[in-house]
Amino acid sequence: MRKAPFRIAVFASGSGSNFQAIADAVKAGRLDVTIELLVCDRPQAKVVERAREAGIPVFTFNPKEYASRQAYEQEILRQLQDKQVELVVLAGYMRILTEVLVEAYWGRMLNIHPSLLPSFPGLHAVRQALAHGVKVTGVTVHLVDGGLDSGPILAQRALAIENGDTEEDLEKRIHPIEHDLYPQVIQDIVQGAIDLDRIAKDHNSTIDRMNNP
Ligand code: GAR
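This is how it looks when you write it as structure tokens:
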């Protein structure tokens, strides 16, 4: 049985309410991880303030100062390796990832998205769900495979859309679900109730079978 807590990094771009929920769960002893690093592509984002307040190391960068996406991801990867980060947790990180991070952390990188994937990936998922008139939407946590909000699904929670709901109404109901679900999924991974190695391996075999029928 492993004694040392799991070492994670959280990536975020904005307010960071999901980062906060994870940090709070760690502090409350509900989540056996250490947050080794917050990675943020917007130095002015509120999440940076939240991390500093929680005493968590921060790496902010301005993508425009790098020659390519790969170049800043190489820098991030160096920092993750320096800190021996085992699990990368995307929490409202609004950048497309390249193979640099996706391949290094395949099977060890999670994302949370405010819809029942594979419906409504990308920006404004809640607005997309309302525009389609769906009656049920929700939250998904999945492994990151390099596509847009795609990869094997680890957990989902559904919620009903009521007549007259606005985007703001729905977001208000979705956020608490995310804040409850994400720390729980991470703790399930830590405790082995979610076996990422098996899920990643099964996914690789499925892709192989699809490519070589
Ligand atoms: C969350 O609702 C998260 O699901 C979403 O960004 C929000 C970040 O909020 N992520 C995506 O849409 C990913 N495609 P937060 O900064 O308050 O945690």
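Taking our numbering, the leading residue of the sequence shown gets 303, the next gets one more, and so forth.
Glycine included, each C-beta is placed from N, C-alpha and C at the ideal position.
All values derive from a computational prediction rather than experimental measurement.
Distance between residue j and residue i (C-alpha atoms, nearest Å)
i, j, result
"residue 324", "residue 434", "31 Å"
"residue 359", "residue 403", "19 Å"
"residue 473", "residue 387", "31 Å"
"residue 342", "residue 315", "5 Å"
"residue 409", "residue 400", "15 Å"
"residue 436", "residue 499", "34 Å"
"residue 453", "residue 445", "5 Å"
"residue 313", "residue 515", "37 Å"
"residue 419", "residue 389", "21 Å"
Beta strand (DSSP E) segment containing residue i, residue limits
i, result
"residue 386", "Neither: residue 386 is in no beta strand (DSSP E) and is coded neither H nor E."
Burial state of residue i (16 or more Cβ within 10 Å)
i, result
"residue 416", "buried"
"residue 375", "buried"
"residue 396", "exposed"
"residue 346", "exposed"
"residue 311", "buried"
"residue 512", "exposed"
"residue 465", "exposed"
"residue 351", "exposed"
"residue 504", "exposed"
"residue 493", "exposed"
Whole-Å CB distance - residue i paired with residue j, under 8 Å assumed
i, j, result
"residue 308", "residue 334", "7 Å"
"residue 456", "residue 443", "5 Å"
"residue 441", "residue 430", "Residue 441 to residue 430, Cβ: 14 Å. No contact."
"residue 378", "residue 361", "7 Å"
N- and C-terminal bounds of the alpha helix (DSSP H) containing residue i
i, result
"residue 433", "427-434"
"residue 512", "498-513"
"residue 283", "This structure leaves residue 283 out entirely; the chain is present only between 303 and 515."
"residue 488", "469-493"
"residue 403", "401-406"
Heavy atom of the ligand ATP within 7 Å of residue i beta-carbon
i, result
"residue 470", "Judged by which ligands are present, the ligand ATP is missing from the structure shown, whose ligands are the ligand GAR."
Taking only runs of the alpha helix (DSSP H) that begin and end inside the segment 327-367, which ones reach a length of at least 4 residues, in chain order?
348-355
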